[in-house]
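K.L.:
End of the sequence shown = 689 in my numbering, gap-free, step of one.
For each residue, glycine too, the CB sits at the ideal point set by N, CA and C.
The structure follows.
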Amino acid sequence: MVDRESARLVVYSREGCGLCDEMIAELAVWLAGRPLSAEVRDVDSDPGLRERYGLMVPVLAVDGQPVCSGRLDTELLEDLLRT
Numbered sequence: 607m608v609d610r611e612s613a614r615l616v617v618y619s620r621e622g623c624g625l626c627d628e629m630i631a632e633l634a635v636w637l638a639g640r641p642l643s644a645e646v647r648d649v650d651s652d653p654g655l656r657e658r659y660g661l662m663v664p665v666l667a668v669d670g671q672p673v674c675s676g677r678l679d680t681e682l683l684e685d686l687l688r689t
């Protein structure tokens, strides 16, 4: 179980990625009114991230653990952050 109040959400993405833009926009809507925020990290700005995620972007990680990729799964995210 993840602590809903202190969960760290990170979207791994890259510039020019339509799916990445879509996930970021959907996540922003989902986050509205919640006491959470998300960081967006460009995998191409870090060789380690580029090697780890390659073409799998976008990836949403919660507290360092990948939760979903390609599309935002809000049901899974809700379940994970349920307190």
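In the DSSP assignment, the beta strand (DSSP E) including cysteine 674 goes from what residue to what residue?
P.N.:
671-675
K.L.:
Leucine 655 and leucine 633 look like a contact to me (Cβ under 8 Å); what is the Cβ gap, rounded to whole Å?
P.N.:
Leucine 655 to leucine 633, Cβ: 18 Å. No contact.
K.L.:
Less than 6 Å between C-beta atoms, sequence neighbours within five positions excluded: which residues of the same chain meet that for tyrosine 659?
P.N.:
Here the set comprises Tyr618, Val649 and Val665.
K.L.:
To which residues does DSSP link leucine 666 through a beta bridge?
P.N.:
Beta-bridge pairing links leucine 666 to Val617 and Cys674.
K.L.:
Can you give me the C-alpha to C-alpha distance between aspartate 652 and aspartate 679, rounded to a whole angstrom?
P.N.:
The straight-line gap from Cα to Cα measures roughly 26 Å.
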